[in-house]
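For the sequence shown, the working numbering gives the first residue as 9, with consecutive numbering after it.
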Amino acid sequence: MDIKIIPSSLSGEINVPPSKSAAHRALICAALSEGVSRVEPYCTSKDIKATAACLRALGMKIEEDEKGYTVGKGEVKLGGTLNFNESGSTARFLLPVAAALGADITAVGQGRLPERPMKVLTDLLRQHGVEVSSDNLPITLKGKMTAGEFALPGNISSQYISGLMLAAPLLDGDTEIIPTTGLESVGYIDMTVEAMKGQGVEVKETEKGWKISSDDSYKPRDIKTEGDWSQVAFFMSAAAIGGDIKVHGLSFASRQGDMAALDVFAAFGANISIEGDVLHIRKGDLRGIEVNAADIPDMVPAIAATAAFARGKTVIHSAERLRIKESDRIKTTLAALTALGIKTEERPDGMIIYGGKPKGGFIDGANDHRIVMAFSVAAAFAEGESVISGAEAINKSYPEFFEDFKKLGGKIQ
(Lines of atoms letter the chains of each structure in order from A; the text may use other names.)
(Lines give C-alpha, C1' and ligand atoms only; values in the text may rest on other atoms or scores of the structure.)
Protein backbone atom coordinates (compact mmCIF):
# COMPACT_ATOMS: atom_id res chain seq x y z
CA MET A 9 0.00 0.00 0.00
CA ASP A 10 1.29 3.44 -0.98
CA ILE A 11 0.13 6.47 1.00
CA LYS A 12 0.23 10.14 0.16
CA ILE A 13 1.17 12.48 3.01
CA ILE A 14 -0.23 16.00 2.70
CA PRO A 15 1.61 18.65 4.76
CA SER A 16 -0.10 19.48 8.04
CA SER A 17 0.65 20.20 11.69
CA LEU A 18 0.46 17.40 14.28
CA SER A 19 -0.93 18.45 17.64
CA GLY A 20 -3.23 16.96 20.28
CA GLU A 21 -3.28 13.97 22.65
CA ILE A 22 -2.72 10.24 22.12
CA ASN A 23 -2.46 7.06 24.14
CA VAL A 24 0.75 5.18 23.42
CA PRO A 25 0.43 1.45 22.49
CA PRO A 26 1.72 -1.23 24.86
CA SER A 27 5.45 -1.91 24.77
CA LYS A 28 6.40 -4.73 22.43
CA SER A 29 9.46 -5.41 24.57
CA ALA A 30 7.36 -5.76 27.72
CA ALA A 31 4.64 -7.79 25.99
CA HIS A 32 7.10 -10.38 24.59
CA ARG A 33 8.53 -10.96 28.07
CA ALA A 34 5.16 -10.95 29.81
CA LEU A 35 3.65 -13.56 27.48
CA ILE A 36 6.68 -15.85 27.72
CA CYS A 37 6.94 -15.69 31.52
CA ALA A 38 3.18 -16.21 31.87
CA ALA A 39 3.18 -19.15 29.46
CA LEU A 40 5.93 -20.89 31.46
CA SER A 41 4.14 -20.42 34.81
CA GLU A 42 2.32 -23.18 36.67
CA GLY A 43 -1.13 -21.60 36.66
CA VAL A 44 -3.16 -18.99 34.82
CA SER A 45 -2.02 -15.39 34.26
CA ARG A 46 -3.72 -12.41 32.70
CA VAL A 47 -1.68 -10.08 30.44
CA GLU A 48 -3.18 -6.71 29.43
CA PRO A 49 -3.65 -4.69 27.31
CA TYR A 50 -4.04 -6.51 24.02
CA CYS A 51 -1.15 -5.84 21.63
CA THR A 52 -2.00 -5.77 17.93
CA SER A 53 1.52 -5.87 16.49
CA LYS A 54 2.55 -8.71 14.16
CA ASP A 55 5.64 -9.38 16.31
CA ILE A 56 3.55 -10.08 19.42
CA LYS A 57 1.14 -12.19 17.36
CA ALA A 58 4.18 -14.21 16.27
CA THR A 59 5.29 -14.78 19.89
CA ALA A 60 1.77 -15.84 20.93
CA ALA A 61 1.49 -18.21 17.96
CA CYS A 62 4.89 -19.79 18.67
CA LEU A 63 4.04 -20.32 22.34
CA ARG A 64 0.85 -22.09 21.25
CA ALA A 65 2.91 -24.21 18.85
CA LEU A 66 5.03 -25.25 21.85
CA GLY A 67 1.85 -26.38 23.62
CA MET A 68 1.15 -23.35 25.80
CA LYS A 69 -2.39 -22.08 26.28
CA ILE A 70 -3.06 -18.51 25.17
CA GLU A 71 -6.53 -17.10 24.65
CA GLU A 72 -7.02 -13.59 23.28
CA ASP A 73 -9.84 -11.10 23.67
CA GLU A 74 -10.18 -7.38 22.98
CA LYS A 75 -8.63 -6.48 26.34
CA GLY A 76 -5.69 -8.89 26.54
CA TYR A 77 -4.57 -12.49 27.01
CA THR A 78 -5.38 -15.36 29.35
CA VAL A 79 -2.23 -17.47 29.54
CA GLY A 80 -1.48 -20.88 31.05
CA LYS A 81 1.16 -23.57 30.76
CA GLY A 82 0.27 -26.61 28.68
CA GLU A 83 1.94 -29.86 27.63
CA VAL A 84 5.07 -29.43 25.53
CA LYS A 85 4.51 -30.40 21.90
CA LEU A 86 7.23 -32.21 20.01
CA GLY A 87 7.93 -31.90 16.31
CA GLY A 88 6.12 -28.63 15.69
CA THR A 89 7.02 -25.59 13.61
CA LEU A 90 7.67 -22.18 15.10
CA ASN A 91 7.04 -19.38 12.61
CA PHE A 92 8.82 -16.28 13.88
CA ASN A 93 7.49 -14.26 10.94
CA GLU A 94 9.83 -11.19 10.86
CA SER A 95 10.34 -10.88 14.62
CA GLY A 96 13.97 -11.08 15.72
CA SER A 97 12.90 -10.77 19.37
CA THR A 98 10.61 -13.79 19.05
CA ALA A 99 13.41 -15.83 17.47
CA ARG A 100 16.10 -14.93 19.99
CA PHE A 101 13.82 -15.43 22.98
CA LEU A 102 12.07 -18.64 21.93
CA LEU A 103 14.88 -20.69 20.38
CA PRO A 104 16.55 -21.14 23.80
CA VAL A 105 13.16 -21.57 25.50
CA ALA A 106 12.21 -24.32 23.06
CA ALA A 107 15.59 -25.99 23.61
CA ALA A 108 15.17 -25.77 27.39
CA LEU A 109 11.73 -27.39 27.12
CA GLY A 110 13.22 -30.21 25.04
CA ALA A 111 10.77 -29.46 22.24
CA ASP A 112 12.19 -30.84 18.99
CA ILE A 113 11.07 -28.14 16.58
CA THR A 114 11.69 -26.52 13.22
CA ALA A 115 11.91 -22.73 13.27
CA VAL A 116 11.24 -20.58 10.21
CA GLY A 117 10.99 -16.86 9.48
CA GLN A 118 10.07 -14.34 6.80
CA GLY A 119 11.47 -11.16 5.31
CA ARG A 120 15.11 -10.51 6.20
CA LEU A 121 14.97 -12.59 9.39
CA PRO A 122 16.54 -15.70 7.75
CA GLU A 123 19.51 -13.47 6.79
CA ARG A 124 20.04 -12.14 10.29
CA PRO A 125 22.86 -13.85 12.21
CA MET A 126 22.09 -16.45 14.88
CA LYS A 127 25.48 -18.14 15.20
CA VAL A 128 26.25 -16.81 18.68
CA LEU A 129 23.09 -18.49 19.93
CA THR A 130 23.24 -21.66 17.85
CA ASP A 131 26.83 -22.32 18.95
CA LEU A 132 25.79 -22.04 22.61
CA LEU A 133 22.88 -24.43 22.06
CA ARG A 134 25.28 -26.96 20.51
CA GLN A 135 27.68 -26.57 23.43
CA HIS A 136 24.80 -27.42 25.76
CA GLY A 137 23.63 -30.64 24.17
CA VAL A 138 21.24 -29.50 21.45
CA GLU A 139 21.47 -30.68 17.83
CA VAL A 140 21.15 -27.58 15.65
CA SER A 141 20.79 -27.92 11.89
CA SER A 142 21.91 -24.45 10.80
CA ASP A 143 23.13 -21.05 11.96
CA ASN A 144 20.37 -19.25 10.05
CA LEU A 145 16.65 -19.89 9.70
CA PRO A 146 15.20 -22.34 8.94
CA ILE A 147 16.66 -24.18 11.95
CA THR A 148 15.78 -27.58 13.38
CA LEU A 149 16.46 -28.24 17.08
CA LYS A 150 16.68 -31.70 18.68
CA GLY A 151 17.42 -32.52 22.31
CA LYS A 152 17.13 -30.72 25.63
CA MET A 153 19.51 -27.94 26.56
CA THR A 154 21.74 -28.58 29.57
CA ALA A 155 22.48 -26.12 32.36
CA GLY A 156 25.90 -24.60 33.15
CA GLU A 157 27.87 -21.59 31.96
CA PHE A 158 26.89 -19.62 28.87
CA ALA A 159 29.62 -17.19 27.76
CA LEU A 160 28.80 -14.81 24.92
CA PRO A 161 29.59 -11.29 23.69
CA GLY A 162 27.50 -8.59 25.31
CA ASN A 163 27.75 -6.15 22.41
CA ILE A 164 25.99 -8.11 19.66
CA SER A 165 22.40 -8.37 20.88
CA SER A 166 21.03 -8.14 24.40
CA GLN A 167 18.22 -10.40 23.15
CA TYR A 168 20.54 -13.42 23.21
CA ILE A 169 21.18 -12.80 26.90
CA SER A 170 17.48 -12.24 27.59
CA GLY A 171 16.54 -15.44 25.76
CA LEU A 172 18.98 -17.49 27.82
CA MET A 173 17.72 -15.86 31.02
CA LEU A 174 14.11 -16.69 30.15
CA ALA A 175 15.06 -20.32 29.42
CA ALA A 176 17.29 -20.84 32.48
CA PRO A 177 14.59 -21.75 35.08
CA LEU A 178 13.50 -24.65 32.84
CA LEU A 179 16.92 -26.35 32.98
CA ASP A 180 18.12 -29.13 35.29
CA GLY A 181 20.73 -27.26 37.29
CA ASP A 182 21.88 -23.72 37.88
CA THR A 183 22.76 -21.45 34.98
CA GLU A 184 25.33 -18.67 34.77
CA ILE A 185 25.36 -16.21 31.88
CA ILE A 186 28.71 -14.48 31.34
CA PRO A 187 29.18 -11.56 28.92
CA THR A 188 32.68 -11.59 27.43
CA THR A 189 32.56 -7.95 26.28
CA GLY A 190 30.91 -4.74 27.40
CA LEU A 191 27.12 -4.65 27.26
CA GLU A 192 24.87 -2.77 24.86
CA SER A 193 21.13 -2.15 25.35
CA VAL A 194 21.49 -3.08 29.01
CA GLY A 195 18.09 -1.53 29.77
CA TYR A 196 16.42 -4.37 27.89
CA ILE A 197 18.31 -6.95 29.95
CA ASP A 198 17.02 -5.12 33.03
CA MET A 199 13.49 -5.47 31.62
CA THR A 200 13.96 -9.23 31.41
CA VAL A 201 15.29 -9.43 34.96
CA GLU A 202 12.33 -7.38 36.18
CA ALA A 203 9.77 -9.47 34.26
CA MET A 204 11.19 -12.73 35.63
CA LYS A 205 11.33 -11.39 39.19
CA GLY A 206 7.69 -10.41 38.94
CA GLN A 207 6.85 -14.03 38.24
CA GLY A 208 8.95 -15.66 40.92
CA VAL A 209 12.38 -16.12 39.33
CA GLU A 210 15.35 -14.25 40.76
CA VAL A 211 18.21 -13.37 38.44
CA LYS A 212 21.22 -12.77 40.68
CA GLU A 213 23.95 -10.44 39.50
CA THR A 214 27.46 -11.84 39.96
CA GLU A 215 30.97 -10.52 39.37
CA LYS A 216 30.99 -12.23 35.98
CA GLY A 217 27.35 -11.80 34.90
CA TRP A 218 24.10 -13.34 36.13
CA LYS A 219 23.08 -16.57 37.84
CA ILE A 220 19.66 -18.27 37.83
CA SER A 221 18.86 -21.13 40.19
CA SER A 222 16.98 -24.18 39.00
CA ASP A 223 15.12 -24.08 42.34
CA ASP A 224 13.16 -21.07 41.07
CA SER A 225 10.14 -21.50 38.83
CA TYR A 226 7.71 -19.15 37.14
CA LYS A 227 4.55 -18.38 39.10
CA PRO A 228 1.34 -16.92 37.64
CA ARG A 229 0.29 -13.33 38.14
CA ASP A 230 -1.66 -10.65 36.33
CA ILE A 231 0.49 -8.26 34.30
CA LYS A 232 -0.21 -4.82 32.86
CA THR A 233 2.34 -3.96 30.19
CA GLU A 234 3.65 -0.41 30.07
CA GLY A 235 3.55 1.97 27.11
CA ASP A 236 6.13 1.76 24.34
CA TRP A 237 8.87 4.42 24.37
CA SER A 238 10.21 3.34 20.98
CA GLN A 239 6.84 4.11 19.35
CA VAL A 240 6.28 7.42 21.12
CA ALA A 241 9.60 8.62 19.66
CA PHE A 242 7.86 9.20 16.31
CA PHE A 243 5.37 11.60 17.84
CA MET A 244 8.07 13.22 19.96
CA SER A 245 9.78 13.91 16.64
CA ALA A 246 6.57 15.42 15.23
CA ALA A 247 6.11 17.69 18.23
CA ALA A 248 9.77 18.76 18.22
CA ILE A 249 9.62 19.70 14.54
CA GLY A 250 6.43 21.71 14.67
CA GLY A 251 3.71 20.41 16.95
CA ASP A 252 2.32 20.27 20.46
CA ILE A 253 1.53 16.74 21.65
CA LYS A 254 0.58 15.13 24.94
CA VAL A 255 1.16 11.39 25.39
CA HIS A 256 -0.66 9.18 27.91
CA GLY A 257 0.24 5.66 29.05
CA LEU A 258 4.01 5.83 29.57
CA SER A 259 5.98 4.71 32.61
CA PHE A 260 8.57 7.23 33.76
CA ALA A 261 10.27 4.49 35.80
CA SER A 262 10.64 2.31 32.69
CA ARG A 263 13.69 0.14 31.99
CA GLN A 264 13.16 0.52 28.24
CA GLY A 265 16.33 1.80 26.63
CA ASP A 266 14.31 4.05 24.33
CA MET A 267 13.20 6.16 27.28
CA ALA A 268 16.44 7.93 26.31
CA ALA A 269 14.14 9.74 23.86
CA LEU A 270 13.60 12.27 26.64
CA ASP A 271 17.28 13.24 26.58
CA VAL A 272 17.70 13.02 22.80
CA PHE A 273 14.80 15.29 21.90
CA ALA A 274 15.65 17.71 24.69
CA ALA A 275 19.17 17.93 23.23
CA PHE A 276 17.63 18.75 19.83
CA GLY A 277 15.85 21.67 21.49
CA ALA A 278 12.31 20.35 21.94
CA ASN A 279 10.35 21.66 24.90
CA ILE A 280 9.59 18.66 27.10
CA SER A 281 7.72 18.47 30.39
CA ILE A 282 6.17 15.73 32.51
CA GLU A 283 2.79 16.77 33.85
CA GLY A 284 1.65 14.12 36.31
CA ASP A 285 1.54 10.93 34.25
CA VAL A 286 1.46 12.79 30.91
CA LEU A 287 4.41 13.54 28.63
CA HIS A 288 4.07 16.94 26.93
CA ILE A 289 6.32 17.81 23.96
CA ARG A 290 6.27 21.11 22.08
CA LYS A 291 8.08 22.62 19.12
CA GLY A 292 11.57 23.94 19.77
CA ASP A 293 14.37 25.74 17.97
CA LEU A 294 16.07 22.60 16.71
CA ARG A 295 19.84 22.29 16.40
CA GLY A 296 22.01 19.43 15.20
CA ILE A 297 23.39 17.03 17.81
CA GLU A 298 25.69 14.02 18.14
CA VAL A 299 24.01 10.72 19.01
CA ASN A 300 25.62 7.50 20.23
CA ALA A 301 23.02 4.97 19.05
CA ALA A 302 24.60 1.84 20.56
CA ASP A 303 21.81 1.47 23.12
CA ILE A 304 19.00 3.01 21.06
CA PRO A 305 19.27 1.69 17.49
CA ASP A 306 15.50 1.54 16.99
CA MET A 307 15.23 5.29 17.55
CA VAL A 308 17.58 6.23 14.71
CA PRO A 309 14.91 6.76 11.99
CA ALA A 310 12.94 9.11 14.28
CA ILE A 311 16.14 10.92 15.23
CA ALA A 312 17.13 11.23 11.56
CA ALA A 313 13.71 12.60 10.60
CA THR A 314 14.08 15.26 13.30
CA ALA A 315 17.65 16.08 12.24
CA ALA A 316 16.37 16.92 8.76
CA PHE A 317 14.70 20.03 10.24
CA ALA A 318 17.50 21.02 12.66
CA ARG A 319 20.08 23.77 12.13
CA GLY A 320 23.56 22.42 11.42
CA LYS A 321 24.64 18.82 11.25
CA THR A 322 23.62 15.77 13.24
CA VAL A 323 26.09 12.89 13.63
CA ILE A 324 24.74 9.42 14.48
CA HIS A 325 27.34 6.76 15.28
CA SER A 326 27.72 3.29 16.86
CA ALA A 327 24.66 2.15 14.91
CA GLU A 328 26.20 -0.67 12.86
CA ARG A 329 23.48 -3.09 14.06
CA LEU A 330 21.06 -1.17 11.86
CA ARG A 331 22.59 -2.95 8.87
CA ILE A 332 20.73 -6.16 9.83
CA LYS A 333 17.29 -4.88 10.76
CA GLU A 334 14.16 -5.25 8.61
CA SER A 335 16.16 -3.29 6.06
CA ASP A 336 19.71 -2.00 6.02
CA ARG A 337 18.36 0.84 8.11
CA ILE A 338 21.39 3.08 7.59
CA LYS A 339 20.96 2.97 3.81
CA THR A 340 17.16 3.19 3.85
CA THR A 341 17.17 6.09 6.31
CA LEU A 342 19.66 7.98 4.15
CA ALA A 343 17.65 7.19 1.00
CA ALA A 344 14.50 8.61 2.62
CA LEU A 345 16.33 11.78 3.66
CA THR A 346 17.77 12.18 0.15
CA ALA A 347 14.27 11.77 -1.31
CA LEU A 348 13.23 14.78 0.80
CA GLY A 349 16.15 16.85 -0.50
CA ILE A 350 18.35 16.60 2.60
CA LYS A 351 22.12 16.33 2.26
CA THR A 352 23.65 13.31 4.03
CA GLU A 353 26.83 11.27 4.35
CA GLU A 354 26.94 7.54 5.00
CA ARG A 355 29.38 6.06 7.51
CA PRO A 356 29.96 2.37 8.26
CA ASP A 357 28.39 2.75 11.71
CA GLY A 358 25.97 5.60 11.09
CA MET A 359 25.45 8.84 9.20
CA ILE A 360 25.81 12.60 9.06
CA ILE A 361 22.69 14.65 8.34
CA TYR A 362 22.80 18.31 7.30
CA GLY A 363 19.54 19.91 8.36
CA GLY A 364 17.55 22.07 5.99
CA LYS A 365 14.07 22.45 4.57
CA PRO A 366 12.74 19.06 3.46
CA LYS A 367 10.74 18.96 0.24
CA GLY A 368 8.04 16.45 -0.64
CA GLY A 369 9.18 13.36 -2.53
CA PHE A 370 8.79 9.62 -3.10
CA ILE A 371 10.04 7.59 -0.13
CA ASP A 372 10.70 3.86 -0.33
CA GLY A 373 9.30 2.38 2.90
CA ALA A 374 11.66 -0.61 2.37
CA ASN A 375 9.19 -2.97 4.12
CA ASP A 376 10.47 -1.42 7.34
CA HIS A 377 7.94 -0.22 9.91
CA ARG A 378 10.27 2.34 11.47
CA ILE A 379 11.19 3.90 8.12
CA VAL A 380 7.51 4.27 7.23
CA MET A 381 6.57 5.86 10.56
CA ALA A 382 9.58 8.18 10.88
CA PHE A 383 9.24 9.59 7.38
CA SER A 384 5.48 9.91 7.54
CA VAL A 385 6.22 12.40 10.32
CA ALA A 386 8.94 14.13 8.28
CA ALA A 387 6.65 14.28 5.24
CA ALA A 388 3.91 15.96 7.30
CA PHE A 389 6.19 18.97 7.80
CA ALA A 390 7.87 18.95 4.37
CA GLU A 391 7.17 21.51 1.66
CA GLY A 392 4.93 19.63 -0.75
CA GLU A 393 3.18 16.27 -0.82
CA SER A 394 5.04 12.98 -0.39
CA VAL A 395 4.29 9.36 -1.27
CA ILE A 396 5.56 6.49 0.90
CA SER A 397 5.53 2.92 -0.40
CA GLY A 398 4.79 -0.17 1.65
CA ALA A 399 2.90 1.63 4.40
CA GLU A 400 1.44 -1.67 5.65
CA ALA A 401 4.85 -2.39 7.23
CA ILE A 402 3.58 -0.53 10.33
CA ASN A 403 1.59 -3.67 11.24
CA LYS A 404 4.81 -5.22 12.48
CA SER A 405 4.85 -3.02 15.56
CA TYR A 406 2.22 -0.26 15.57
CA PRO A 407 -0.87 -1.05 13.45
CA GLU A 408 -2.73 1.98 14.86
CA PHE A 409 0.01 4.42 13.86
CA PHE A 410 -1.93 6.13 11.06
CA GLU A 411 -5.07 6.30 13.20
CA ASP A 412 -3.08 8.23 15.80
CA PHE A 413 -1.37 10.24 13.06
CA LYS A 414 -4.79 11.38 11.75
CA LYS A 415 -6.10 11.97 15.29
CA LEU A 416 -3.32 14.54 15.69
CA GLY A 417 -4.27 16.27 12.45
CA GLY A 418 -2.17 14.34 9.96
CA LYS A 419 -3.54 14.18 6.41
CA ILE A 420 -3.12 11.05 4.35
CA GLN A 421 -4.61 9.48 1.24
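Using N, Cα and C, we set each Cβ at its ideal position, and we do this for glycine too.
Exposure label - residue i; buried when at least 16 CB within 10 Å
| i | result |
| --- | --- |
| residue 421 | exposed |
| residue 33 | buried |
| residue 111 | buried |
| residue 300 | exposed |
| residue 266 | buried |
| residue 141 | exposed |
| residue 86 | exposed |
| residue 256 | exposed |
| residue 214 | exposed |
| residue 346 | exposed |
| residue 319 | exposed |
| residue 188 | exposed |
| residue 212 | exposed |
| residue 79 | buried |
| residue 217 | buried |
| residue 284 | exposed |
| residue 205 | exposed |
| residue 282 | exposed |
| residue 82 | exposed |
| residue 43 | exposed |
| residue 89 | exposed |
| residue 356 | exposed |
| residue 261 | exposed |
| residue 28 | buried |
| residue 359 | buried |
| residue 94 | buried |
| residue 351 | exposed |
| residue 10 | exposed |
| residue 370 | exposed |
| residue 308 | buried |
| residue 286 | exposed |
| residue 236 | buried |
Integer Cβ distance of residue i from residue j, believed to fall under 8 Å
| i | j | result |
| --- | --- | --- |
| residue 145 | residue 190 | Between residue 190 and residue 145 the Cβ distance is about 28 Å, and since that is not below 8 Å, they are no contact. |
| residue 415 | residue 22 | 6 Å |
| residue 77 | residue 109 | Contact doesn't hold; Cβ gap of about 20 Å is too wide. |
| residue 288 | residue 321 | Incorrect: roughly 28 Å between the Cβ atoms, too far for contact. |
| residue 406 | residue 53 | 7 Å |
| residue 396 | residue 380 | 6 Å |
| residue 239 | residue 199 | That belief does not hold up - the Cβ atoms of residue 239 and residue 199 are roughly 15 Å apart, past 8 Å. |
| residue 338 | residue 330 | 5 Å |
| residue 203 | residue 182 | Actually they are not in contact, since the Cβ atoms of residue 203 and residue 182 sit about 20 Å apart, beyond 8 Å. |
| residue 38 | residue 47 | 6 Å |
| residue 332 | residue 125 | 7 Å |
| residue 234 | residue 259 | 4 Å |
| residue 302 | residue 326 | 4 Å |
| residue 115 | residue 147 | 5 Å |
| residue 51 | residue 26 | 5 Å |
| residue 247 | residue 278 | 7 Å |
| residue 250 | residue 17 | 6 Å |
Residues bridged to residue i [DSSP beta-bridge criterion]
| i | result |
| --- | --- |
| residue 90 | 115 |
| residue 426 | Coverage of the chain is limited to positions 9 through 421, which leaves residue 426 absent and any answer about it impossible. |
| residue 252 | 19, 290 |
| residue 362 | 321, 351 |
| residue 7 | The requested residue 7 does not occur in the structure, where the chain is confined to residues 9 to 421. |
| residue 13 | 394, 420 |
| residue 213 | 218 |
| residue 158 | 185 |
| residue 279 | 290 |
| residue 407 | Beta-bridge pairing links residue 407 to no other residue. |
Cβ shell of residue i (< 6 Å), same chain only, five flanking positions each side left out
| i | result |
| --- | --- |
| residue 122 | 144, 145 |
| residue 227 | 41, 207, 208 |
| residue 245 | 310, 313, 314, 385 |
| residue 152 | 110 |
| residue 150 | 112, 139 |
| residue 158 | 132, 172, 185 |
| residue 398 | 373, 375 |
| residue 412 | 22 |
Close beta carbons around residue i, own chain, < 8 Å, minus the five adjacent residues each side
| i | result |
| --- | --- |
| residue 105 | 36, 40, 66, 171, 174, 175, 178 |
| residue 84 | 66, 67, 109, 110, 111 |
| residue 55 | 28, 32, 93, 94, 95, 97, 98, 404, 405 |
7 Å Cβ shell around residue i - same chain, five flanking residues per side excluded
| i | result |
| --- | --- |
| residue 242 | 310, 381, 382, 385 |
| residue 1 | Since the first residue of the chain shown is 9 and the last is 421, residue 1 is not available in this structure. |
| residue 306 | 238, 266, 378 |
| residue 100 | 129, 165, 167, 168, 171 |
| residue 136 | 153, 154, 156 |
| residue 224 | 177, 208, 209, 210 |
| residue 401 | 373, 375, 376, 377, 380 |
| residue 304 | 265, 266, 268 |
| residue 343 | 372 |
### Query
Do the segment 363-379 and the segment 389-409 meet, that is, are 3 or more Cβ pairs less than 8 Å apart?
The segment 363-379 vs the segment 389-409: in contact.
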